[in-house]
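Everything on this sheet refers to the single structure shown next.
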Amino acid sequence: MATKDRAVVLGGSVAGLLAVRALASSYREVVLVERDPLPVGTSTTPRTGVPHGRHAHGLLVGGLRAIETLLPGATADLAEAGVPAGDMCGAIRLYADGHPLRQGTIGELGLAVSRPFLESYVRTRVLDTANLKVIDGCDVAGLDSVDGAVTGARIHRRSVGAGEETVAADLVVDATGRGSRTPRWLGELGYASPVEERLEVNLSYTTRKFKMAPDGLGGNHTVIVAPSVTNPRGGVLQVVEQGRAVATVFGILGDAAPGDLDGFLAFAKTLRAPEFDGILRAAEPIDEPATFRFPASVRRRYERLDRFPAGLLVIGDAICSFNPQYAQGMSVSAMEAATLLRMAPDGVTAPAFFRAVAPIIDVPWQIVTGSDLAHPGVQGERTGAIRFVNAYLRRLQAAARRDATLTEAFARVLNLIAAPRSLMRPDLAVRVLVRGRAAR
Ligand SMILES: Cc1cc2nc3c(=O)[nH]c(=O)nc-3n(C[C@H](O)[C@H](O)[C@H](O)COP(=O)(O)OP(=O)(O)OC[C@H]3O[C@@H](n4cnc5c(N)ncnc54)[C@H](O)[C@@H]3O)c2cc1C
Numbered sequence: 002m003a004t005k006d007r008a009v010v011l012g013g014s015v016a017g018l019l020a021v022r023a024l025a026s027s028y029r030e031v032v033l034v035e036r037d038p039l040p041v042g043t044s045t046t047p048r049t050g051v052p053h054g055r056h057a058h059g060l061l062v063g064g065l066r067a068i069e070t071l072l073p074g075a076t077a078d079l080a081e082a083g084v085p086a087g088d089m090c091g092a093i094r095l096y097a098d099g100h101p102l103r104q105g106t107i108g109e110l111g112l113a114v115s116r117p118f119l120e121s122y123v124r125t126r127v128l129d130t131a132n133l134k135v136i137d138g139c140d141v142a143g144l145d146s147v148d149g150a151v152t153g154a155r156i157h158r159r160s161v162g163a164g165e166e167t168v169a170a171d172l173v174v175d176a177t178g179r180g181s182r183t184p185r186w187l188g189e190l191g192y193a194s195p196v197e198e199r200l201e202v203n204l205s206y207t208t209r210k211f212k213m214a215p216d217g218l219g220g221n222h223t224v225i226v227a228p229s230v231t232n233p234r235g236g237v238l239q240v241v242e243q244g245r246a247v248a249t250v251f252g253i254l255g256d257a258a259p260g261d262l263d264g265f266l267a268f269a270k271t272l273r274a275p276e277f278d279g280i281l282r283a284a285e286p287i288d289e290p291a292t293f294r295f296p297a298s299v300r301r302r303y304e305r306l307d308r309f310p311a312g313l314l315v316i317g318d319a320i321c322s323f324n325p326q327y328a329q330g331m332s333v334s335a336m337e338a339a340t341l342l343r344m345a346p347d348g349v350t351a352p353a354f355f356r357a358v359a360p361i362i363d364v365p366w367q368i369v370t371g372s373d374l375a376h377p378g379v380q381g382e383r384t385g386a387i388r389f390v391n392a393y394l395r396r397l398q399a400a401a402r403r404d405a406t407l408t409e410a411f412a413r414v415l416n417l418i419a420a421p422r423s424l425m426r427p428d429l430a431v432r433v434l435v436r437g438r439a440a441r
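The sequence shown maps to residues 2 to 441 in our numbering.
This is how it looks when you write it as structure tokens:
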């Protein structure tokens, strides 16, 4: 039952849309402010405000579960709309450290859905909310405050001659993504900014789209080539809805694939996965290439601040933006929004929310930073634990080439439904030690 008057959500991408859904039953009105004009209906076209939408996006099991909590029936709807679906371990071919891991089944459905199509599905469901007001084509200019508490957002419509307006609110949620200005706004309100942890990777994504038969990947919907210490290039090839394939290849530390078809295919040939380049050569290119530079993973430690203004929350990439090759950002955003859904009826406060989402972020952050530090050129502190885990994982991946039980355990961790320490279970450790040694 709605007990509070109005919440304003800034940013209408995955985190913002799901935050709207989380708040809708606890506020009489929710206002969504988005810079782009929001498209109506399902769409496979990326928005200007989400340039990363042109690149392959994996949705993890942890994220899909959270989306189901917020939007019941989403998985079935998407599968019915033609999104390829299959077991998260059985329909995805994963090359890790050059090894094709033996596929298994984890009993969890994985969807191969393009980012614009997924966002448009979420948007269509969320825009159906009766007490939602959308202000799109509108920039957020800043926060309104009284005595250090946030009381609304200042907005600027993009129409000619429009002046600044204020939308009063009991709660403002910043979901404007990685470029969030909350750290700066906090300073203007007399609060400290959060400590920002960064791990520079200087990652370059290049993506091309192809026309491909649904069985173009031999019964799989996705092929993933994880970068390794000996070859830090990687790629993702996904057959998504409408018989299209999205192929993204990437390099780190300044290495980048060219966009032209020949250069792109030549880069794909250098990946440690024999089928990647062959499949692409047999497919029909259908779009212009897209590139994206991602300098660093960034985590803002809001949970460590002593003081934070009442009436303000931050969610999604605005809190933590992960190296995208691990496909975690949308899932973590959805898990945070599911937490907001649980907390909103009792009146969510920023310290309680940041404390609740910090453990959700801890695991993917540990996976990203630990794995990136395996590359000698990435600068950062390599603790004994990181070195040990990376050595253990290399051995696990070698063993998983012939051992589906290990692939399944690894997939559960990567999908954020099992803790990394589960890989150290005695029965798995024995397999890793015995089979990993034999396989190397
Ligand atoms: C290249 C790349 C690949 C990725 N691949 C994956 C993947 O495989 N799997 C995965 O889960 N995640 C992936 N991610 C991350 C994922 O895209 C994000 O985590 C996800 O979109 C959630 O982000 P968000 O909603 O917090 O912010 P964003 O998606 O960045 O959206 C921010 C929104 O706020 C709006 N906005 C910004 N500033 C203003 C303003 N001043 N006024 C009004 N509106 C504003 C923007 O227009 C936009 O709509 C990838 C990211 C990148 C960069």
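For glycine and all other residues, C-beta sits at the position ideal for the given N, C-alpha and C.
The alpha carbon of proline 228 has as its nearest neighbour, out of Gly63, Ala23, Val369, Ser14, the alpha carbon of Val369.
At a Cβ-Cβ threshold of 8 Å, glycine 64 and methionine 344 do not count as neighbours. In the structure shown, the three-state DSSP call for glycine 17 is helix. Judged by beta-carbon spacing, alanine 23 lies within the 8 Å limit of alanine 338, meaning their Cβ atoms are closer than that value. In this structure the segment 238-250 lies against the segment 202-215, because at least three pairs of beta carbons, one per stretch, are closer than 8 Å. Residue burial is scored here from C-beta neighbours: valine 147 has fewer than 16 other C-beta atoms within 10 angstroms and is therefore classed as exposed. The C-beta separation of leucine 306 from alanine 193 comes to about 6 Å, placing the pair in contact by the 8 Å criterion. In the DSSP assignment, glutamine 239 falls outside any alpha helix (DSSP H) and lies within the beta strand (DSSP E) extending over 235-240. DSSP places serine 334 inside the alpha helix (DSSP H), whose first and last residues are 330-344.
By the beta-carbon neighbour count (other beta carbons within 10 angstroms, threshold 16), proline 233 is buried. For arginine 301, the pairing in a beta bridge is given by DSSP as Glu197.
Here alanine 16 really is in contact with isoleucine 316; their C-beta atoms are around 5 Å apart, less than 8 Å. A straight-line Cα-Cα distance of about 36 Å links glycine 437 and valine 84. Within the segment 172-228, the runs of alpha helix (DSSP H) that reach at least 4 residues and sit entirely inside it are, in chain order, 183-189.
Counting only runs of at least 3 residues, the segment 260-305 fully encloses the following beta strand (DSSP E) elements, listed from N- to C-terminal order: 291-301. Looking at the DSSP output, tyrosine 28 shares a beta bridge with Lys5.
Under DSSP, glutamate 120 takes part in no beta bridge, so it has no partner. Contact check for leucine 60 and valine 114: beta-carbon distance about 6 Å, within the 8 Å limit, so the pair qualifies. Secondary structure of aspartate 140 (DSSP, three-state): strand.
Here the distance from the Cβ of aspartate 140 to the nearest heavy atom of ligand 1 is below 7 Å. When beta bridges are read from the DSSP output, glutamate 166 appears opposite Ile156.
Around the Cβ of valine 230, a 10 Å sphere holds fewer than 16 other Cβ atoms; the residue is exposed. Counting C-beta pairs with one atom in each stretch, the segment 281-300 and the segment 160-175 have fewer than three that are closer than 8 Å, which means they do not touch. DSSP, read as helix, strand or coil, puts proline 38 in coil.
Taking 7 Å as the cut-off, one finds no heavy atom of ligand 1 near enough to the beta carbon of threonine 223.
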